[in-house]
Structure formats: structure tokens, C-alpha cells
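Here the sequence shown is numbered in our numbering, starting from 927 and rising by one per residue. Glycine included, every Cβ here is placed at the ideal spot set by N, Cα and C.
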Amino acid sequence: MNPSKCAFGVTSGKFLEFIVRQRGIEIEQAKIDAILRMPEPRNIHELKSLQGKLAYLRRFISNLAGRCQPFSRLMKKDVPFQWDEACDKAFKSIKSYLMKPPVLVAPVPGRPLILYVAAQERSVGILLAQKNDEGKENALYYLSRTMTPNELKYSPIEKLCLALIFSI
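See below:
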């Protein structure tokens, strides 16, 4: 162990660009501010930059895949970059969510886990949670993804089953 890279007796610290505290893991404020200060993307390069920043924070953002859905058509090859109202609404929704991001907690061994699954029109989302000592549910991890063209044809119950399988 390198003593210069160790910290003992601290109440919080930075680890892998996240802030780890006794109450849980938080997004470093600089990462949030970088997204909040971003203007709406004007080209594919700026959109990829935004999506890269969001991908790093994906476990903190509920239904990130669904929120980013309007951007997907702009990412296709040979499609002109046309930022529209749906993209603007999605971008503002993400920024609004990041104004008060959740604190993720570590699971407590022996305590039951709670799994929430949700299926939207084009995405599935999962939340893994656990109740704390006061009985309040705390988020442990968010997970989401967009559906493939074949999965879009599924019935609502099949989409929920897809979300359940994805969570495993």
C-alpha cells in the first residue's frame, strides 16, 4: 500500500470520481455542473459528448435510456442533425433530474432487497432498493435500456418480463 494514496479516519472521500460518504455514494458536483452548464448540442459530436457524460452517471439516473430516447434518431448514420422539441424536452428533463440527484446506498447484508421493474413504450427500467432502519426505501442502483425493434412489438406483460430478465 502506498501511504500517499490512502486515507484513514475520514468521513468522506473521492473514489473513482464519485463522493463516498457514510450515507452513500453521490455524484461529484463538478460532474453535475458540467452537464447543467452544457448548452443544447448543436451537432453529433456534442451529442456524443453529452451521452458519454450521462453514461458515466447511468446508475444514478432513473430510466436514463427512456429519457435519452429522443436522441437516438440523431445518432443514426446519414441522418441530418435536427434538434427538435422532443430532444429539447428530454435534455431539460435530464438537467432537471440532476438538480437533485439521488444518493445511492450500499446494500445491508441480510436485509431484503426490493426490485422495481418498469416498461415504457421504448425502454425498460429497473430500480434496486432496500429499506433502511426507519423503513424508508433507499435506491441502490438504477438500470435501463432501450428496446430492440423486435422487442418493441412485445405486449405490455412481455415488456415487463423483458425488464425482469434484464435485471438479472
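Taking C-beta atoms under 8 Å as the contact rule, Val1034 and Gly950 fail to qualify, at a distance of about 12 Å.
Residue state for Ala1055 is assigned as strand, using DSSP reduced to three classes.
Ranking Lys1057, Leu1053, Glu1063, Ala1012 by CA distance to the CA of Leu1069 puts Leu1053 first. According to the DSSP secondary-structure assignment, Thr1072 is paired through a beta bridge with Ser1049. For the pair Leu962 and Ala981, the Cα-to-Cα distance works out to about 15 Å. In its chain, beyond the 5 residues on either side, Gln1056, Lys1057 have a beta carbon closer than 8 Å to the beta carbon of Pro1038. Here Leu1090 carries a helix assignment [DSSP, helix/strand/coil]. Taking each of Gln955, Ile958, Arg985, Ala960 in turn and checking the Cα distance to Leu1066, the smallest one comes out for Arg985. Straight-line spacing of the CA atoms in Gly992 and Met1073 works out to 10 Å. Between Leu1090 and Val1043, the CB-CB gap stays under 7 Å.
For Ala1012, the closest alpha carbon among the candidates Lys1002, Ile958, Gln977, Cys994 is that of Cys994.
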